[in-house]
Amino acid sequence: MLSVNLSALLMADAQEEVDTEQAQKHNKHRYKVNRAVALGLVKDNLAVLLLGKEPLEQVYDRLLEKIKKRKEAVKPGRSFPRARKLHYKFSITKRNVL
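Heads up, the sequence shown is in this note's numbering, so the first residue is 50 and it goes up one at a time.
The structure is reproduced here in structure tokens:
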């Protein structure tokens with residue numbers, strides 16, 4: 050839970066910086082921070098953050114730069130509906146074994 054909260058805070062800061070950088074550029078797509086990468090980076094560096102062997106500002110800045118580098122384009126209209134599941138007469142928990 051701690052790593053998810055820390056990654057959410059870092060992602061919010063990184064997204065603000067990405068948005069300000071993208072406002073100056075005229076790219077085809079809007080860019081968004083990759084949530085899975087941010088969570089992985091925070092989980093890998095959680096021990097460094099908790100033990101305090103490095104200054105927190107230094108670890109924070111390093112993580113923020115790594116997260117900002119791993120952004121992805123948000124392409125409009127990229128929605129794929131999920132396949133419908135089969136409906137059975139009885140639920141799986143109430144079927145006979147044989």
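Don't be surprised by glycine CBs; every beta carbon is placed ideally from N, CA and C.
Exercise for the section: Any chance you could list the beta strand (DSSP E) runs of at least 3 consecutive residues sitting entirely within the segment 103-133, in chain order? Expected result: You should have 120-123.
Exercise for the section: Measure the alpha-carbon distance for D68 versus S52 and round it to whole angstroms. Expected result: D68 and S52 have their C-alpha atoms spaced approximately 24 Å apart.
Exercise for the section: Taking only the alpha-carbon atoms, compute the straight-line gap between K118 and R127 and give it to the nearest angstrom. Expected result: Between the alpha carbons of K118 and R127 lies a distance of about 23 Å.
Problem - C-alpha distance - V82 paired with A63, whole-angstrom precision - result: Whole-angstrom Cα-Cα distance: 7 Å.
Practice task
Over the uninterrupted alpha helix (DSSP H) stretch that includes K92, give me the two end residues.
Solution key: Unbroken alpha helix (DSSP H) run through K92: 84-93.
Practice task
Quick one: residues in its chain with C-beta nearer than 7 Å to the C-beta of A122, no 5 flanking neighbours on either side, listed in chain order?
Solution key: The answer, listed in chain order, is H78, Y80.
Practice task
Counting only the same chain and skipping the five closest in sequence on each side, list residues whose C-beta sits under 6 Å from that of L55.
Solution key: Cβ within range, chain order: V91.
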